Structures are given as C-alpha cells and as structure tokens.
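Residue numbers (the UniProt record's numbering), protein chains in the order written: chain A, 1 to 155; chain B, 1 to 276.
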C-alpha cells in the first residue's frame, strides 16, 4: 500500500475529495519505531500526530517517587496524542513503543494549516480526534472508578 | 441441568484443596461426602454454606466435565472473609446448581468473544474450557480480560497455557500497571475495538462488575455485535436461589432463577438505574 493509499484508508478521509486526501497525504510520512524508542517525550514540542498502524505504544507519566507509570496502551488504528492540536503544542506525556511500531506520522504545523484553510478537512480530522478523545475520557473515568476494588464499606 | 431434588437443603461437601489466587481471592476444590454430585452447566452457581457463618452464592469455576468441583471466592464480606480462613478438610454445605448458563451451543458456528473483568473470569472459565474443548465448532475465539493490577490477575498459569495454544486471541489489561507489566494497560472495554472478530457473527459473554459490563455491552453494540447475542452474568444478593424470596430481584427478573446469565435486551434500561 502506498502512503497515499494508506492515508486515504483512514477514517477521516471518508467523504473527502481526491485533492483533499492528496493534501493530507502531503503532511504524512510513515515512521517506524524500534521497541523501547519514544514517539513523544513529556514537555517536548508536540509537532507530530501519530496514528499507529502496527505495534503497541505505552502512554507514560513520570510520578515523583514512583518512576514512570504506564497509564494506557495504544494499539493499531488508534491515535497517539492530541497536544499537537492545541496550544502550547507541548507533549504532556511520554509515548513509548513497547513493540516494533509502524505509524502514520502527520507533521502538525502543515496539518493545522490545512485544517484552518479547508474547514471540510478540519472537520473530518476533528471528528476523528473528538471521538478518540471521548473514548479516552470515558475509559479514564472507568479507571478512576476503580471498579474492581471491594465495595465501599468492605475495604 | 440437573435441578436439585431438595432445592433449599444443603448437602455436605468437604474442602479438599485450597489455592490462594490473589491477596483476597481463593479457590476451593470440594467433594461430596455422600452421593450428591450434580452435573452443572457453565455459568451456573451453587449456594455455599459455611456452618455457623452463613451462606453465599458462588459461581462454579471448574470445567463442566473432567475437573473436580471448583469455586473461586473473593474474601470481601461477612461470610466470605471467615470462609477464607477455613482449613482444608472443613465440611461445608452446598446446594445447587442454580440459574441459567452461558449459551455455548448457540454460539457455535460463529465467533465467540469473552469479556471478563476481575473475578468475572471465574464464572467464565467453564465457558472458555467448554469452547476450547469444542474449538473446531467456533470461528475466532477472543478472551479479553481486565483487572485492577498485575497482582490481581487470576488463573495466571492457565492464561499462559491458553495463550500458548495459538487458537485463542488473549488480551489482558490492567487498570493500574506496575513497572514490570508488559501487557496492556487501560480498561477492558478498550480491548473490544482491538480484538479480531466479525461482529455480525459474534456471540459475546461478559462478566465482571456491573458498571464494567454496561460499558462493555455498549462497546460491543458500537462494534456491531447484535444485542441479542450479548450475554451478561449478573450478581445480586441471592438468598433462596430458587426465586422465592425476591432478594435478588432486578426489575422484573429474579437473578437467581432468570439469571445469572441474561441477554442484553432483557437488561436494557436496568443497568443504569441507581436504585435497582
């Protein structure tokens, strides 16, 4: 599959014209990470939007006194990070490849410019991003609930 | 299913082995003192009676055939905590089996997705073993298991053996990882989108905390699994276990008699009512 075909197969390209897909593809490249390599580092500029094609990525946070804690794992067809979308464009977490990982990497600056210039593209990308965010927030709420803990009053 | 002749009369059983599965979960192997040895179906439960302490419903975690009778119990309440301290050799009362079973036969011919949360893996174990025993009758077989932390993973040896078979997609996730944990992290519902199955021809069995089952059911529906093909095992305060007392009532259902395994359409609107 060519890079162009790879981009066109993404959810946000459904309903977009050929030229728009071409512009999106122009922001993209395929990037591979070895096991143990970081996709994102906390506090670093969030200059790339990654979609995992193959492999597994851990989202991690350094906690004082506890070291690096893994918050969640990201798998194929899932997005890594959204700090690239909103100022100050700084990564909030580390993203570590725990297996050899292949990604579709979109350069954030031209992608943002394209989304601004062409609201149809902007809306298409944003719909996918919001659905990802909504899913992550829901998961996060369940994690916070600690559903496997003994019922209150029996701890 | 072999219905008990005297549905409220416990038969004496001896605890012949005890295994500590995690900090607060243990498994008893029990054997009848007499001839009481009823057959059961995956998903059914027994009422276990610790004499002088009390009686609780516990799902059967052994294979329906070829294994001694196993019950996996969490030491969490006023009955199960003292139960955890009972030594091997103690005689307990057992009555059952009760309730509905996982519809394994209905699932044959299609894919089977099993979603387990925490101790919910125990009532699903007989179904998994049943499916593996008739592996050729199923398409893809996925086990998605989520629990609190690596220390809470149940049946770890068994999970490793299942993974090694190569004909079962096993995904294990924890809500809270430790630095040495190499498997997935996050809630079990996230695994539903990742697993390889054909939603339209999939049957799903789900067991775990009720809130987890609700979100798992919704994730399965989003993926395209038909509502009628999603089956949940409910837990309620069961007392009589035969539909007399009403303690386990959930809306129009007596969970002991109509459940514990119920299809999603029968539970629609019941899982998000705070008072039920």
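Beta carbons: idealized from backbone N, C-alpha and C, even for Gly. All values derive from a computational prediction rather than experimental measurement.
Between which two residues does the alpha helix (DSSP H) holding residue i run?
i, result
"residue 120 (chain A)", "119-145"
"residue 28 (chain B)", "It is not in any alpha helix (DSSP H) - residue 28 (chain B) instead sits in the beta strand (DSSP E) that spans 25-32."
"residue 20 (chain A)", "18-26"
"residue 164 (chain B)", "156-165"
"residue 83 (chain B)", "80-84"
By Cβ distance, which residues of its chain are closer than 6 Å to residue i, with the 5 residues on each side in sequence left out?
i, result
"residue 68 (chain A)", "60, 62"
"residue 1 (chain B)", "Per-residue confidence for residue 1 (chain B) stands at a pLDDT of 42, beneath the threshold of 50, marking its modelled position as unreliable; the derived number appears in the next sentence. Taken in chain order, the residues that qualify are 41."
"residue 211 (chain B)", "none"
"residue 50 (chain A)", "39, 80, 103, 105"
"residue 142 (chain B)", "113, 169, 195, 197"
"residue 153 (chain B)", "147"
"residue 62 (chain B)", "69, 70"
"residue 72 (chain B)", "27, 61, 122"
"residue 90 (chain B)", "15"
"residue 114 (chain A)", "23, 121"
So if DSSP puts residue i in a beta bridge, which residue, or which two residues, is it bridged to?
i, result
"residue 56 (chain B)", "B:48"
"residue 62 (chain A)", "A:68"
"residue 192 (chain B)", "Per DSSP, none; premise fails for residue 192 (chain B)."
"residue 30 (chain A)", "A:104"
"residue 95 (chain B)", "B:47"
"residue 15 (chain B)", "B:30"
"residue 247 (chain B)", "Answer is none; residue 247 (chain B) lacks a bridge partner."
"residue 169 (chain B)", "B:142"
"residue 96 (chain A)", "A:38, A:58"
"residue 79 (chain A)", "A:51"
"residue 262 (chain B)", "B:232"
"residue 215 (chain B)", "DSSP lists no partner for residue 215 (chain B)."
"residue 20 (chain B)", "B:26"
"residue 255 (chain B)", "Bridge partners of residue 255 (chain B): none, in fact."
Quick one: is residue i buried, meaning 16 or more other Cβ sit within 10 Å of its Cβ, or exposed?
i, result
"residue 13 (chain B)", "buried"
"residue 147 (chain A)", "buried"
"residue 98 (chain A)", "buried"
"residue 78 (chain B)", "exposed"
"residue 135 (chain B)", "exposed"
"residue 58 (chain A)", "buried"
"residue 106 (chain B)", "exposed"
"residue 41 (chain A)", "exposed"
"residue 3 (chain A)", "exposed"
"residue 10 (chain B)", "buried"
"residue 164 (chain B)", "exposed"
"residue 144 (chain B)", "buried"
"residue 279 (chain B)", "The structure shown does not extend to residue 279 (chain B), since chain B is modelled only from 1 to 276, so the question has no answer here."
"residue 39 (chain B)", "exposed"
"residue 30 (chain B)", "buried"
Starting from residue i, follow the beta strand (DSSP E) in both directions and report where the run begins and ends.
i, result
"residue 130 (chain B)", "Premise fails: residue 130 (chain B) lies in the alpha helix (DSSP H), 121-133, not in any beta strand (DSSP E)."
"residue 74 (chain B)", "69-74"
"residue 39 (chain B)", "Note, residue 39 (chain B): premise wrong, no beta strand (DSSP E); not H, not E."
"residue 44 (chain A)", "Note, residue 44 (chain A): premise wrong, no beta strand (DSSP E); not H, not E."
"residue 38 (chain A)", "38-40"
"residue 206 (chain B)", "202-207"
"residue 111 (chain B)", "111-117"
"residue 146 (chain B)", "141-147"
"residue 227 (chain B)", "Per DSSP, residue 227 (chain B) belongs to no beta strand (DSSP E) and is neither H nor E."
If you compare alpha carbons, which of the options is closest to residue i?
i, options, result
"residue 83 (chain A)", "A:3, A:124, A:45, A:17", "A:45"
"residue 24 (chain B)", "B:113, B:34, B:102, B:85", "B:85"
"residue 172 (chain B)", "B:121, B:101, B:201, B:235", "B:121"
"residue 220 (chain B)", "B:78, B:205, B:234", "B:205"
"residue 268 (chain B)", "B:130, B:149, B:67, B:230", "B:230"
"residue 97 (chain B)", "B:117, B:46, B:56", "B:46"
"residue 27 (chain A)", "A:73, A:8, A:42", "A:8"
"residue 94 (chain B)", "B:163, B:240, B:174", "B:240"
"residue 18 (chain B)", "B:38, B:74, B:8", "B:74"
"residue 213 (chain B)", "B:116, B:104, B:72", "B:116"
"residue 100 (chain B)", "B:272, B:256, B:264", "B:256"
"residue 273 (chain B)", "B:76, B:250, B:102", "B:250"
"residue 66 (chain B)", "B:175, B:247, B:126, B:87", "B:126"
"residue 59 (chain B)", "B:234, B:252, B:242", "B:234"
"residue 93 (chain A)", "A:70, A:101, A:108, A:111", "A:70"
"residue 222 (chain B)", "B:199, B:207, B:31, B:203", "B:199"
"residue 10 (chain A)", "A:139, A:118, A:127", "A:127"
"residue 237 (chain B)", "B:227, B:51, B:254, B:111", "B:254"
"residue 48 (chain B)", "B:82, B:21, B:20", "B:82"
Could you tell me if the beta carbon of residue i falls within a distance shorter than 7 Å of some heavy atom in the ligand MN?
i, result
"residue 269 (chain B)", "The ligand content of the structure shown is nil, which means the ligand MN is not present either."
Once the 5 residues before and after residue i are set aside, which same chain residues still bring their CB inside 8 Å of it?
i, result
"residue 177 (chain B)", "149, 150, 185"
"residue 16 (chain A)", "24, 120, 121, 124"
Grab me the residues of residue i's own chain with a C-beta within less than 7 Å of its C-beta, minus the 5 sequence neighbours each way, in chain order.
i, result
"residue 54 (chain A)", "76, 101, 102"
"residue 215 (chain B)", "189"
Interface residues of chain D around residue i at Cβ under 7 Å?
i, result
"residue 72 (chain A)", "Although the question refers to chain D, the structure presented lacks it and instead comprises the protein chains A and B."
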